Amino acid sequence: TGRPIGKSGDSSNPLGFFYPGGIKRPPYQPGDILYVRETWSEIKNADGSHKKYVYKASDQYPFGESRYIIKFNWKPSIHMPKKAARIWLKVTDVRVERLQDITEDG
7 TGRPIGKSGD SSNPLGFFYP GGIKRPPYQP GDILYVRETW SEIKNADGSH KKYVYKASDQ
67 YPFGESRYII KFNWKPSIHM PKKAARIWLK VTDVRVERLQ DITEDG
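Here the sequence shown stands for residues 7 to 112, where the numbers follow the working numbering.
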């Protein structure tokens with residue numbers, strides 16, 4: 007057919023997409039807790055054990071040094087373990103909205 011792939015003409019599907027086996031639920035539900043991944047590095051003690059995590063987005067570096075004096079082995083956010091997270095978000099609402107209908111007021 008001439009329709010775009012993935013689109014369905016079924017108006018009963020509020021997301022506007024067809025998934026084999028039915029409508030797929032949103033990936034998150036109200037009440038879910040998410041953690042924010044960010045570029046990070048781990049500082050270790052002399053014996054190699056964990057001491058603390060530092061984050062590239064933060065200007066707080068150990069020992070009062072600037073980020074330009076200490077060389078950190080920065081790791082990409084996709085490799086950040088959950089235990090290193092410092093920012094947690096709680097999903098309060100999931101709904102379908104047109105992009106044009108979203109305002110600062112919600």
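Ideal Cβ placement from N, Cα and C applies to all residues, glycine included.
Since the structure is predicted, the reported quantities are computational estimates derived from the model, not experimental observations.
Item                                                                                : Value
N-terminal and C-terminal residue of the beta strand (DSSP E) that Ile93 is part of : Counting along the chain, Ile93 falls outside any beta strand (DSSP E), and DSSP gives it neither H nor E.
For Ser83 and Trp94, the rounded distance between their alpha carbons               : 15 Å
Nearest residue (CA-CA) to Asn79, options Arg101, Ala91, Lys88 and Val60            : Val60
Beta-carbon proximity of Tyr34 to Val102, cut-off 8 Å                               : no
Cβ-Cβ distance between Glu48 and Ala63 below 8 Å                                    : no
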